[in-house]
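Working notes for the structure below.
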Amino acid sequence: MQTYVALEKPLQQKLVINSTIKNWQQKSEDKKIVVVVISEHTHIRHCYSKASTNSTMAIASLSLNSLPTQPPSQHSRKIIDAPPSTSLHYGSSGGGTLKPIVISGDPPTFVSAPGRRIVAVGDLHGDLAKARSALELAGVLSSDGRDTWTGQETVLVQLGDILDRGEDEIAILSLLRSLQNQAKEHGGAVFQVNGNHETMNVEGDFRYVDSGAFDECSDFLEYLNDCGHNWEDAFASWFEVSENWKQERKMSHSSWGPWNLVKRQKGVIARSVLLRPGGPLASELARHPVVLKVDDWVFCHGGLLPHHVTYGIEKINSEVSKWMINVNEDDNGSQIPFIATRGYDSVVWNRLYSRDTTDLEDYQIEQIQSILDSTLQVVGAKAMVVGHTPQTTGVNCKYNCSIWRIDVGMSSGVLDSRPEVLEIRGDKTRVIRSDSGAFSELQAADYI
Numbered sequence: 001m002q003t004y005v006a007l008e009k010p011l012q013q014k015l016v017i018n019s020t021i022k023n024w025q026q027k028s029e030d031k032k033i034v035v036v037v038i039s040e041h042t043h044i045r046h047c048y049s050k051a052s053t054n055s056t057m058a059i060a061s062l063s064l065n066s067l068p069t070q071p072p073s074q075h076s077r078k079i080i081d082a083p084p085s086t087s088l089h090y091g092s093s094g095g096g097t098l099k100p101i102v103i104s105g106d107p108p109t110f111v112s113a114p115g116r117r118i119v120a121v122g123d124l125h126g127d128l129a130k131a132r133s134a135l136e137l138a139g140v141l142s143s144d145g146r147d148t149w150t151g152q153e154t155v156l157v158q159l160g161d162i163l164d165r166g167e168d169e170i171a172i173l174s175l176l177r178s179l180q181n182q183a184k185e186h187g188g189a190v191f192q193v194n195g196n197h198e199t200m201n202v203e204g205d206f207r208y209v210d211s212g213a214f215d216e217c218s219d220f221l222e223y224l225n226d227c228g229h230n231w232e233d234a235f236a237s238w239f240e241v242s243e244n245w246k247q248e249r250k251m252s253h254s255s256w257g258p259w260n261l262v263k264r265q266k267g268v269i270a271r272s273v274l275l276r277p278g279g280p281l282a283s284e285l286a287r288h289p290v291v292l293k294v295d296d297w298v299f300c301h302g303g304l305l306p307h308h309v310t311y312g313i314e315k316i317n318s319e320v321s322k323w324m325i326n327v328n329e330d331d332n333g334s335q336i337p338f339i340a341t342r343g344y345d346s347v348v349w350n351r352l353y354s355r356d357t358t359d360l361e362d363y364q365i366e367q368i369q370s371i372l373d374s375t376l377q378v379v380g381a382k383a384m385v386v387g388h389t390p391q392t393t394g395v396n397c398k399y400n401c402s403i404w405r406i407d408v409g410m411s412s413g414v415l416d417s418r419p420e421v422l423e424i425r426g427d428k429t430r431v432i433r434s435d436s437g438a439f440s441e442l443q444a445a446d447y448i
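Its first residue numbered 1, the sequence shown is counted upward by one per residue in UniProt numbering.
Next comes the structure, spelled out in structure tokens:
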């Protein structure tokens, strides 16, 4: 069952809804469509046709007078028209001696960044303050409040799960986009991989969304309207203005029950508009891979297995990206890439390498070591870096340090622990920790 904010035709004229909240269902031969309609003078602009029905459905945005358009990054056109692999070259600034970074795949899958420092940051889960602290700790973000890239030619990799459990999700995504643009000017690079919470939200699974994150979606759509519906302008600058929007919203907070219900419905609909397959924020996530190989290091959220590599990591990345941007406008869920996003042995859900080895028998440890070694051999890497499972002892490595587990549960919505990051320089690795803070006694097993 798929959920949409929709109206039936006619769509030739601007429609205004003044009715109260109501739900209704429309059935077709092969699917059920749940439609949520709410007041607030919603206007409809963009529509598309269903192949299986004669009715035309229109997605509605509550806080805008029209549906926000997809990011104008040409990403979707590349996915359809470009060869299976594309390359991007950019070099160091100021006549540096390092060779240019070479990126292959769409979304990025293989990266050659010879001689560069690599830093990896784990799950952020909507906590902008902790995200900034982690990035400052990694030496890539200024501490003067200007959010300036200070990493020079560093390569930053964020391991996914920016969404859920915190209220500043879009602001974090916006900040990383800003750093990505700045890093290129200095010969560095910023990459993200999508985690299970990114794929869950594109599927419409909002079980772990913080109430403040629903509000952020509503605020962002209004800000997008203020920016003339220019996605690039709004998204790139949101991290700079989001705090002001949040404070203004809190000052106008009302405890009146019916209004809170309307407010929550408004947030749910705003999130659905942004994150449905083909929505502007889902299309933004589609720019990022599920698996990334930088030199001889592999980065993914949950963990790569031999059958994932046999299937093809570039193919996995492409399929997830196409699903997120809804290339075929297929809304029955048939495009959801199972091997990457579904099941507990999928790339974003796998916890095989993150289990506590004290609970395992020797033969089990040997089996996992063998699986990991086989995976790395096939993909041509010496080690893998994963997030997904909070490590209550901090960033650590296992299995002869061929797997690094870097999710420390830093978000206030998870363990509220101190940030830690992994630094890779050639054959040397080190964990960078702050001097203050302690881990919460909450159990990591309570989180997914």
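Positions of the beta carbon are idealized from the N, C-alpha and C atoms, including for glycine.
Of the listed residues the options, nearest to residue i (C-alpha basis)
i, options, result
"PRO107", "LEU352, ASP168, GLY302 and LEU285", "LEU285"
"GLY126", "ASN350, LYS293, GLU198 and PHE235", "GLU198"
"GLN158", "SER370, ASN181, SER434 and LEU422", "LEU422"
"ALA131", "GLY426, GLY413, ILE325 and SER321", "GLY413"
"VAL395", "SER374, SER434, TYR311 and SER318", "SER434"
"LEU141", "HIS308, ALA189, VAL241 and LYS250", "ALA189"
"ARG117", "GLY151, THR389 and GLY145", "GLY151"
"ALA381", "MET200, SER143 and LYS293", "LYS293"
"ASP168", "HIS186, SER178, TRP245 and SER104", "TRP245"
"VAL347", "TRP323, GLN369, GLY278 and HIS307", "HIS307"
"ASP147", "MET200, VAL241 and ALA120", "VAL241"
"MET200", "ALA340, HIS229 and GLU366", "ALA340"
"ASP210", "SER178, GLY267 and TYR223", "GLY267"
"TRP149", "ARG177, LEU124, ASP123 and ASP205", "ARG177"
"ILE101", "LEU124, LEU135 and LEU156", "LEU156"
The ligand HEM heavy atom lying under 7 Å from the CB of residue i
i, result
"GLU198", "Ligands are entirely absent from the displayed structure, and the ligand HEM is therefore not among its contents."
Helix, strand or coil at residue i according to DSSP, with G and I counted as helix
i, result
"SER39", "Annotation note: pLDDT 32 at SER39 (below 50); position unreliable, no value reported."
"LYS99", "coil"
"ALA113", "coil"
"GLU423", "strand"
"TRP404", "strand"
"CYS217", "helix"
"VAL121", "strand"
"ALA383", "strand"
"ARG271", "helix"
"ALA138", "coil"
"VAL290", "coil"
"SER104", "strand"
"ASN201", "helix"
"ASN328", "coil"
"LEU304", "coil"
"GLN192", "strand"
"LEU415", "coil"
C-alpha gap between residue i and residue j, whole angstroms
i, j, result
"SER133", "ASN328", "40 Å"
"ILE172", "SER237", "11 Å"
"THR392", "ASP362", "22 Å"
"PRO280", "GLN364", "44 Å"
"LYS184", "ASP359", "44 Å"
"ILE424", "THR154", "10 Å"
"LEU221", "GLY160", "23 Å"
"HIS41", "SER402", "Only weak support exists for where HIS41 lies, its pLDDT of 31 falling under 50; the value from the coordinates is given anyway. Roughly 56 Å between the two C-alpha positions."
"GLY426", "ASP296", "10 Å"
"PHE239", "PRO419", "20 Å"
"ALA138", "SER374", "31 Å"
"GLN180", "CYS300", "19 Å"
"LYS250", "GLY187", "41 Å"
"VAL291", "VAL385", "10 Å"
"residue 449", "THR97", "No answer is possible for residue 449: the residues shown for the chain start at 1 and end at 448."
"THR357", "ASN225", "51 Å"
"SER272", "THR310", "34 Å"
"SER143", "LEU175", "14 Å"
"CYS397", "ARG405", "6 Å"
"LEU128", "SER354", "25 Å"
"VAL202", "GLY212", "18 Å"
"ALA58", "GLY278", "Residue confidence is low: ALA58 scores 33 on pLDDT, short of 50, so the model does not pin down where it sits. Its coordinate-derived value is still stated next. Approximately 13 Å, taken between the alpha carbons."
First through last residue of the beta strand (DSSP E) which encompasses residue i
i, result
"LEU352", "Per DSSP, LEU352 belongs to no beta strand (DSSP E) and is neither H nor E."
"PHE299", "297 to 300"
Residue i: first and last residue of the uninterrupted alpha helix (DSSP H) it sits in
i, result
"ASP360", "According to the sequence shown, residue 360 is Leu rather than Asp. Looking at the DSSP string, LEU360 is not in any alpha helix (DSSP H), and its letter there is neither H nor E."
"GLN180", "169 to 185"
"ARG249", "231 to 251"
"PHE338", "338 to 341"
"VAL320", "313 to 325"
"LEU281", "280 to 285"
Whole-number beta carbon distance between residue j and residue i, since they are thought to touch under 8 Å
i, j, result
"SER283", "ILE325", "5 Å"
"ASN194", "TRP349", "That belief does not hold up - the Cβ atoms of ASN194 and TRP349 are roughly 12 Å apart, past 8 Å."
"SER411", "ARG165", "6 Å"
"ARG264", "PHE214", "7 Å"
"PRO399", "GLN377", "Residue 399 is actually Tyr in this sequence, not Pro. That pair is no contact at about 13 Å."
"ARG351", "HIS388", "7 Å"
"VAL379", "VAL298", "6 Å"
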